[in-house]
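Chemist:
Numbering (this note's numbering), first residue to last: 2 to 451.
Printed below as a string of structure tokens:
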């Protein structure tokens, strides 16, 4: 972060300055975790359900904070404090202002599944030609997005910002800060239906972004998605996919192993052979997303191919491990029906016995039971040999898998105790559930089998 003084920040957010006179000092960064404060940073004292940032302001100053932004000044605080009615709202206002200081391509990433994968792939491709800022990990909400914006520096030539929502109005607030010049939409699926109700609601919420994009902006849309392919908008559309309607199309797709996928990406007269060093048939879409944006931003075929090949998986997203006993596909960061069925698809070409360990998919709305049952039927019909489930809702997944061996467990611990007798040497095992199901416990137990 560059170019804003403490007094500038106070004026932008309408705050009052208290404490020592540090108003001319430049703010070099923003942190909401006192452990991440560095010299010259501003610490935002957010009040959460369990932790109040106001209790950590002294620690922030000890770590070199140039100021804090807070809703009150606790006793014994002598450093510079910008006092505002709402710290979170002030961060959004400051991020909106700071974003406008940069005239660079900003690519917003949205969709029901695959956002982090798309963000990493697009950034990997663009980094072959440009100095690119990207969202760290999955800091894609109303607290994470401002932090990403504050990390833009004068030397950055492009930014790739992931934008995650679960309710109406959230995308508008994010897009008002991000002001994307381009946007990648991955898929409109069955996620966050508790608030968004159905896929039409998901589309409506996620396309709130378009209001804050310029008329000459560009949308990269999954042409294989029925809602995205027919989206009516004022911006230019580039469809990517495997169908005849795609402007950027994948051909000759080959995914014979869990560690690699290759395809030809065709756009007009250009044909780019790419290899993705990652698990999952869905990775063809990530390659298309990276290539489509790369083509738009002037990269050569070699640069695009190199960027796709340089992609790296983030977190517990489809990590493939050969334990010496089994092949483990650890994909337990998150789950919804679309991502689970996609993960099952990716097992189809794998030889040997295939087992799936699935858990509850949260925020599925009023049709949650049927959506879980749908996944069970899909597993039964698409080559899964053994299905193990945990969770109240996943009972419906297990019951619906009528044609294959399936067992339901009440707890992770109960399932883990049965793994030695259920999982055989040479099996390929997919582990997938919503993050709060703590299926990382199961993945770690699987690694110990011998």
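The beta carbon of each residue, even a glycine, is placed where N, CA and C say it ideally should be.
Would you say residue 130 and residue 297 are within 8 Å of each other, going by their C-beta atoms?
Modeler: no
Chemist: Is it a yes or a no for the region 132-146 touching the region 64-81, going by three-plus beta-carbon pairs under 8 Å?
Modeler: no
Chemist: Who are the near neighbours of residue 6 in its chain, counting only those whose CB is closer than 6 Å to its CB and skipping five residues on each side?
Modeler: 25 and 27
Chemist: Assuming residue 345 contacts residue 380 under a Cβ cut-off of 8 Å, what Cβ separation, rounded to an integer in Å, is found between them?
Modeler: Contact check for residue 345 and residue 380: beta-carbon distance about 6 Å, within the 8 Å limit, so the pair qualifies.
Chemist: Under 8 Å Cβ to Cβ from residue 446, same chain only, skipping five residues before and after it: list those, please.
Modeler: 417 and 420
Chemist: Who pairs with residue 271 in a beta bridge, going by DSSP?
Modeler: 268
Chemist: Whole angstroms is fine: what's the gap from residue 448's alpha carbon to residue 234's?
Modeler: 48 Å
Chemist: Following the continuous beta strand (DSSP E) through residue 238, name the residue where it begins and the one where it ends.
Modeler: 237-242
Chemist: Take the Cβ of residue 149 as the centre, count every other Cβ of all protein chains shown within 10 Å, and call the residue buried at 16 or more, exposed below.
Modeler: Counting Cβ neighbours within 10 Å, residue 149 comes out buried, since at least 16 surround it.
Chemist: Whole-angstrom Cβ separation of residue 219 and residue 239, contact assumed at under 8 Å?
Modeler: 6 Å
Chemist: Measuring CB to CB, does residue 434 end up less than 8 Å from residue 348?
Modeler: No, Cβ-Cβ distance for residue 434 and residue 348 is not below 8 Å.
Chemist: Does DSSP put residue 32 in a helix, in a strand, or in coil?
Modeler: strand
Chemist: From the DSSP secondary-structure annotation, give me the bridge partner or partners of residue 83.
Modeler: Residue pairing by DSSP places residue 83 opposite 18 and 70 in a beta bridge.
Chemist: Identify the continuous alpha helix (DSSP H) that holds residue 296 and give its terminal residues.
Modeler: 284-297
Chemist: For residue 324, name the three-state secondary structure that DSSP assigns.
Modeler: coil
Chemist: Please list the segments of the alpha helix (DSSP H) lying wholly inside the region 180-210, counting only runs of 4 or more residues, in order along the chain.
Modeler: Taking only runs of at least 4 residues, the alpha helix (DSSP H) segments lying wholly in the region 180-210 are 194-197 and 200-207.
Chemist: Do the region 275-290 and the region 137-148 touch if we need at least three Cβ pairs shorter than 8 Å?
Modeler: These segments do not touch.
Chemist: Helix, strand or coil: which one does DSSP assign to residue 59?
Modeler: helix
Chemist: Going by Cα to Cα distance, which pick from 29, 428 and 215 is closest to residue 326?
Modeler: 428
Chemist: Could you tell me which of 269, 272 and 443 sits nearest to residue 332, measuring between CA atoms?
Modeler: 443
Chemist: Measuring CA to CA, which of 136, 288 and 439 is closest to residue 264?
Modeler: 288
Chemist: Taking the CB atoms as reference points, tell me whether residue 92 and residue 10 lie closer together than 8 Å.
Modeler: no
Chemist: If I'm right that residue 83 touches residue 16 with Cβ under 8 Å, what's the distance once you round it to whole angstroms?
Modeler: 4 Å
Chemist: DSSP three-state label for residue 390, please.
Modeler: strand
Chemist: If you follow the alpha helix (DSSP H) that residue 413 is in, where does it begin and where does it stop?
Modeler: 413-423
Chemist: Are the Cβ atoms of residue 180 and residue 100 separated by less than 8 Å?
Modeler: With respect to residue 100, residue 180 sits close: the two C-beta atoms are nearer than 8 Å.
Chemist: Any idea which residues DSSP pairs residue 219 with across the strands?
Modeler: 183 and 237
Chemist: State the start and end residues of the unbroken beta strand (DSSP E) segment that holds residue 109.
Modeler: Its beta strand (DSSP E) spans residues 107-111.
Chemist: Would you call the region 101-113 in contact with the region 160-173, where contact means no fewer than 3 C-beta pairs closer than 8 Å?
Modeler: Short answer: they touch.
Chemist: What distance in whole Å lies between the Cβ atoms of residue 313 and residue 137, which are believed to be in contact at a cut-off of 8 Å?
Modeler: Going by Cβ atoms, the distance from residue 137 to residue 313 rounds to 13 Å, so no, they are not a contact pair.
Chemist: In whole angstroms, what is the alpha-carbon distance linking residue 440 and residue 321?
Modeler: When only Cα atoms are considered, residue 440 and residue 321 end up about 15 Å apart.
Chemist: I need the straight-line Cα distance from residue 301 to residue 102, nearest angstrom please.
Modeler: So the alpha carbons of these two residues sit roughly 29 Å apart.
Chemist: By how many angstroms is the C-alpha of residue 248 removed from the C-alpha of residue 269?
Modeler: 8 Å
Chemist: Going by CA-CA distance only, name the one from 31, 74 and 370 that's closest to residue 21.
Modeler: That would be 74, whose Cα lies nearest to the Cα of residue 21.
Chemist: Thinking residue 231 and residue 106 are a contact (beta carbons under 8 Å), I'd like their distance in whole angstroms, please.
Modeler: Actually they do not touch by this definition, with Cβ atoms about 26 Å apart.
Chemist: List the whole-angstrom C-beta distance separating residue 385 from residue 343, where the pair is believed to meet the contact cut-off of C-beta under 8 Å.
Modeler: Contact flag wrong, Cβ pair sits at about 14 Å.
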